[in-house]
Amino acid sequence: MMKNNNDDIFTAFIGAVLQQTEPLPAPVQLEFNKIDEAFTIIDIERLAELHPPLLAAYEETHNWLMYHSNERSKGLDVLPDSESEK
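Reminder that position 80 of the sequence shown reads as 148 in the working numbering, one-by-one numbering, no gaps.
#1: Locate the alpha helix (DSSP H) running through residue 95, then write down its first and last residues.
#2: Helix, strand or coil for residue 105 per DSSP?
#3: Please report how far the alpha carbon of residue 126 lies from the alpha carbon of residue 105, in whole angstroms.
#4: Quick one: grab the DSSP three-state call for residue 89.
#5: Within this structure, are the beta carbons of residue 77 and residue 112 separated by less than 8 Å?
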């Protein structure tokens, strides 16, 4: 089961911003400059929606993180101890 967590959402947003090859439009940059510790997940997603290339990169990065997070969780629940390997 894929689960959103705040770290993945913030990481996806940062990744999306870093992927931008053009400066953000002035209104989006103005909103971006308002980011502080009080910014919420809803604020991040709203900001991404203001600029289609940012939104596309955010969604792609978020989906990648969710997929790989889900893949990592398919590992062993309990690691074998060294005695069982003998």
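Think of the CB as a built atom: it goes at the ideal place given N, C-alpha and C, for glycine as much as any other residue.
Concretely, from the data shown:
#1: One-based indexing of the sequence shown puts residue 95 at position 27. Residue 95 -> alpha helix (DSSP H) spans 94-100.
#2: Translated into the one-based positions of the sequence shown, residue 105 becomes position 37. In the three-state DSSP reduction, residue 105 falls in the coil class, being neither helix nor strand.
#3: For the purposes of this step, residue 126 is identified with residue 58 of the sequence shown, where counting begins at 1. For the purposes of this step, residue 105 is identified with residue 37 of the sequence shown, where counting begins at 1. The alpha-carbon atoms of residue 126 and residue 105 are separated by roughly 20 Å.
#4: What you label residue 89 is simply residue 21 of the sequence shown in a count that begins at 1. Looking at residue 89 - three-state DSSP - the assignment turns out to be coil, as it is neither helix nor strand.
#5: Along the sequence shown, one-based indexing puts residue 77 at 9. Along the sequence shown, one-based indexing puts residue 112 at 44. Taking the C-beta atoms as reference points, residue 112 is found nearer than 8 Å to residue 77.
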